[in-house]
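The sequence shown: position 60 = 102 (my numbering), numbered continuously. All C-beta atoms, glycine included, are put in the ideal place defined by N, C-alpha and C. Here the structure is a predicted model, which is why all the values come from computation and not from measurement.
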Amino acid sequence: MTRLNASLISILLIISSLYFPSYSLLLDDLSVGHVAIFSIVRCSLDGDPNAPPISNGTVILTCGGLTDNLYETVTNPGGYFLIFLNFLQTLLFTPSVCDIRLTLPTGNCTISSPNGTLSFGLTLVSVAVTNTTNIAYYAVSALTSSL
Numbered sequence: 043m044t045r046l047n048a049s050l051i052s053i054l055l056i057i058s059s060l061y062f063p064s065y066s067l068l069l070d071d072l073s074v075g076h077v078a079i080f081s082i083v084r085c086s087l088d089g090d091p092n093a094p095p096i097s098n099g100t101v102i103l104t105c106g107g108l109t110d111n112l113y114e115t116v117t118n119p120g121g122y123f124l125i126f127l128n129f130l131q132t133l134l135f136t137p138s139v140c141d142i143r144l145t146l147p148t149g150n151c152t153i154s155s156p157n158g159t160l161s162f163g164l165t166l167v168s169v170a171v172t173n174t175t176n177i178a179y180y181a182v183s184a185l186t187s188s189l
């Protein structure tokens with residue numbers, strides 16, 4: 043009976059240690075629980091703010107080593123998108139190896155790419171410190187490649 047109790051206590055200790063994650067995204071020693079990525083995508087390779095927005099473009103967040111996309115969304119009619127990662131997705135997010143891929147919709151932009159996809163890097167904009175969790179805000183940076 044004592045051996046059974048010891049086994050149960052060991053299992054409970056292991057489960058409870060997994061309940062509070064020991065890993066998280068760290069930015070300057072600040073633990074981040076959520077990540078938000080936002081931008082307005084325009085039909086311009088040089089960042090022209092007067093270029094028309096790209097609406098209905100598929101935006102995909104990919105991170106090196108993952109076989110699946112971390113997040114996928116679509117731009118609205120104004121070309122805006124917002125990606126908000128939950129805690130588990132944030133654990134898989136490493137800014138230096140993640141990028142945004144935009145699949146261009148047919149017909150509303152004159153940018154051409156071999157397979158219709160553009161790749162962009164990410165830039166940290168700010169970190170919101172709250173009582174419950176810290177949120178890192180990223181924006182899309184310059185075009186890194188056309189895939």
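{"Query": "Integer Cβ distance of F135 from L112, believed to fall under 8 Å", "Result": "7 Å"}
{"Query": "Exposure label - N173; buried when at least 16 CB within 10 Å", "Result": "exposed"}
{"Query": "Exposure label - A170; buried when at least 16 CB within 10 Å", "Result": "exposed"}
{"Query": "For F135, three-class secondary structure by DSSP", "Result": "coil"}
{"Query": "Contacts around C140, its chain only, beta-carbon distance under 8 Å, and the 5 residues preceding and following it disregarded", "Result": "L103, T104, C105, G106, L112 and L164"}
{"Query": "L160 burial status per 10 Å Cβ neighbour count (16 or more: buried)", "Result": "buried"}
{"Query": "Helix, strand or coil at L108 according to DSSP, with G and I counted as helix", "Result": "coil"}
{"Query": "Own chain partners of N176 with C-beta closer than 7 Å, once the 5 adjacent residues on each side are dropped", "Result": "L72, S73, V74, G75, V169 and A170"}
{"Query": "Of the listed residues I142, S155, T109 and S138, nearest to I82 (C-alpha basis)", "Result": "I142"}
{"Query": "Rounded separation between T148 and L68 - CA only", "Result": "39 Å"}
{"Query": "Three-state secondary structure (DSSP) of L54", "Result": "Any reading at L54 must be qualified, since the residue scores a pLDDT of 48, below 50, and its modelled position is unreliable; the value itself is stated next. Reduced to three states, the DSSP call for L54 is helix."}
{"Query": "Same chain only: Cβ atoms within 7 Å of S183, ignoring 5 sequence neighbours per side", "Result": "F162, G163, L164 and T165"}
{"Query": "Buried versus exposed, by CB contacts within 10 Å (16 or more), T132", "Result": "buried"}
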